[in-house]
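What follows is one structure encoded as structure tokens, with my remarks underneath.
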Amino acid sequence: MIAVCLILFACTAAASAGDQEKVDEKPPRDDDSFCTKADCPLYGSCLDCKFPECEYGSSVILNCTTKRHCAGQYTVQKEAKCRYCWQTDVTEHHCAPVRNCSTVAVRLFRTTCHVHQWVTCKGRRAFYKNVRCSWSSGYSWWKAMFLSITLGGFGADRFYLGMWKSAIGKLFSFGGFGVWTLVDVILIGVGYIGPADGSLFI
């Protein structure tokens, strides 16, 4: 009973420490060095804009001042949507790809995102976002299918995908006398079998 209590206490302490670390972690930094060589009024990243009290998604007219990195300091008016930068559409920001993770994982992975230079929005232009694991290490679905159909009996498809152990078994059994080869064609075709490193097909 005492051992169980100690384990629960240790888990709770570890979780609390993790939460505290997330709270203390600094948000990603905005990079406005781009503004030194840009026509500042055309880019939201080069303007300091004050948003009024407004409803999400509504159009507002903003009084904006060019940032100190710009060639000239002046005020311009700009029309924009009322929203925070983290509320922008996926086409209006780009995120660092999440790598070294399994694409079949259910949980989300945190990455850093930056709003495109031309977008005007409230708050920090760099923010954290939880995304699904989606990365590729160069494996082609078409090539895997071609190898499975033509040389599947020799395990070429599984060798290509990095499944060495099952590929050797398939090689010495001559593709399971055709049965294993047929099954692999179907499994690769529907996406059940993919690269052994957990990445996505290109």
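Read in order, the letters of the sequence shown are residues -17 to -1, 1 to 185 in mature numbering (1 follows the signal peptide of the UniProt record, and there is no 0). Even glycine gets a Cβ: it sits at the ideal position worked out from N, Cα and C.
I need the straight-line Cα distance from residue i to residue j, nearest angstrom please.
i           : j      : result
residue 186 : Trp125 : Given that the chain is displayed from residue -17 to residue 185, the structure contains no residue 186 and the question cannot be resolved.
Glu38       : Asp140 : 55 Å
Gly152      : Thr74  : 46 Å
Tyr57       : Ser16  : 18 Å
Arg82       : Asp167 : 27 Å
residue 197 : Leu183 : Residue 197 lies beyond the stretch modelled for the chain, which goes from -17 to 185, so this question has no answer here.
In its own chain, which residues sit with a C-beta less than 7 Å from the C-beta of residue i, not counting the 5 before and 5 after it?
i       : result
Ser42   : Glu62 and Lys64
Thr71   : Val98, Val102 and Cys104
Gly174  : none
Phe(-9) : Confidence at Phe(-9) is low in this model, with a pLDDT of 41, below 50, so its placement is unreliable and no value can be given for it.
Who are the near neighbours of residue i in its chain, counting only those whose CB is closer than 8 Å to its CB and skipping five residues on each side?
i      : result
Gly40  : Lys64, Cys65 and Arg66
His77  : Cys96, His97 and His99
Gly161 : Gly136
Leu91  : Asn113, Val114 and Arg115
Pro80  : Thr94, Ser117 and Trp118
Measure the CB-CB distance between residue i and residue j and report whether it falls below 8 Å.
i      : j      : result
Phe181 : Gly158 : The question names Phe, but residue 181 is Gly in the sequence shown. For Gly181 and Gly158, no; Cβs fall outside 8 Å.
Trp101 : Gly27  : yes
Ile185 : Ser123 : yes
Thr48  : Asp22  : no
Leu25  : Phe34  : no
So with Cβ pairs under 8 Å, would you call residue i a contact of chain B?
i     : result
Ser41 : No chain B is part of this structure, which consists of one protein chain only.
Excluding the 5 residues preceding and the 5 following residue i in the sequence, name in chain order all residues of the same chain whose CB lies nearer than 6 Å to its CB.
i      : result
Val18  : Inspection of the sequence shows that residue 18 is occupied by Cys rather than by Val. So the qualifying residues of the chain are Cys29, Lys50, His52 and Cys53.
Leu164 : Per the sequence presented here, residue 164 reads as Thr, with Leu not at that position. So the qualifying residues of the chain are Gly135, Gly136 and Gly158.
Met128 : Ile171
Gly55  : none
Ala179 : Leu144, Gly145 and Met146
Any 3 or more C-beta pairs closer than 8 Å across the segment 8 to 27 and the segment 97 to 107
Result yes; three or more Cβ-Cβ pairs closer than 8 Å.
As an exercise, report each continuous beta strand (DSSP E) stretch of at least 3 residues that is fully enclosed by the segment 27 to 61, in chain order.
Correct list: 30 to 33 and 42 to 49.
Does the count of Cβ pairs from the segment 111 to 118 and the segment 144 to 161 closer than 8 Å reach three?
At 8 Å Cβ cutoff, the stretches do not touch.
Tell me the start and end of each unbroken alpha helix (DSSP H) in the segment 116 to 178 that is at least 4 residues and wholly inside, in chain order.
Runs of the alpha helix (DSSP H) inside the segment 116 to 178: 124 to 134, 139 to 143, 147 to 155, 157 to 160 and 162 to 172.
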